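Enquirer: Before anything else, here's the structure in question.
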Amino acid sequence: QQMWLDAYRRIHDYLGADTLYSIGRRIPYSAQFPDEKMFDVPSALESIDVAYHMAHRGGEIGHYKYVEAGFDHYEIHCDNPYANEFDLGIIVSLVERFRGRLQFDVRYKQAAANPDEDNACVVEIVRV
83 QQMWLDAYRR
93 IHDYLGADTL
103 YSIGRRIPYS
113 AQFPDEKMFD
123 VPSALESIDV
133 AYHMAHRGGE
143 IGHYKYVEAG
153 FDHYEIHCDN
163 PYANEFDLGI
173 IVSLVERFRG
183 RLQFDVRYKQ
193 AAANPDEDNA
203 CVVEIVRV
């Protein structure tokens, strides 16, 4: 895993945060997700942590905690070694894929204060 993290750091440093966001957007199409449990935005958001733990085994690896903050209002608490932009890309991709005719606003509620030390962030997903 460290090799990937180092590669993502170099991508961020040389190509920028937008590239990490774009890579994150592709993850739901290339990583193993519990497709049989994904049928709408909430179930897709809940699946992120399952997919993360299927791909990363052993030790304390962090998590993607799904929180229902209200009616059609969700949060993902990202506590993992990946850059915030990468996490946001994953979340936006899943929301777009499972939203149907609904519209959602996806934004940082709390971005990492110092990404070099702690990548934890909260992403808010609200139906508009």
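Read the sequence shown against our numbering and you will find it ends at 210, with the numbers running on by one and no gaps.
The beta-carbon is built from N, C-alpha and C at its ideal position, and this holds for glycine as well.
Bear in mind the structure is a predicted one, so any value in this text is a computation, not a measurement.
1) Whose C-beta lies closer than 6 Å to the C-beta of V174 among residues of the same chain, with five residues either side of it excluded?
2) Can you tell which of D95, P110, M85, Q83 has the C-alpha that lies nearest to the C-alpha of D169?
3) Just list the alpha helix (DSSP H) runs in the stretch 108-166, keeping only unbroken ones of 4 residues or longer that don't cross its boundaries, in chain order.
4) Near V132, what residues of its chain come up, given a Cβ to Cβ distance below 8 Å and the 5 sequence neighbours on each side ignored?
5) In terms of residues, what are the limits of the beta strand (DSSP E) holding R209?
Expert: So, from the listed chains and residues:
1) Residues V188 of the same chain have their beta carbon placed closer than 6 Å to that of V174, with the five preceding and five following residues left out of the count.
2) Looking at the Cα atoms, P110 is the closest of the given residues.
3) The qualifying runs are 123-137.
4) So the list reads F115, P116, K119, once near-sequence residues are dropped.
5) In this chain, the beta strand (DSSP E) harbouring R209 covers 203-209.
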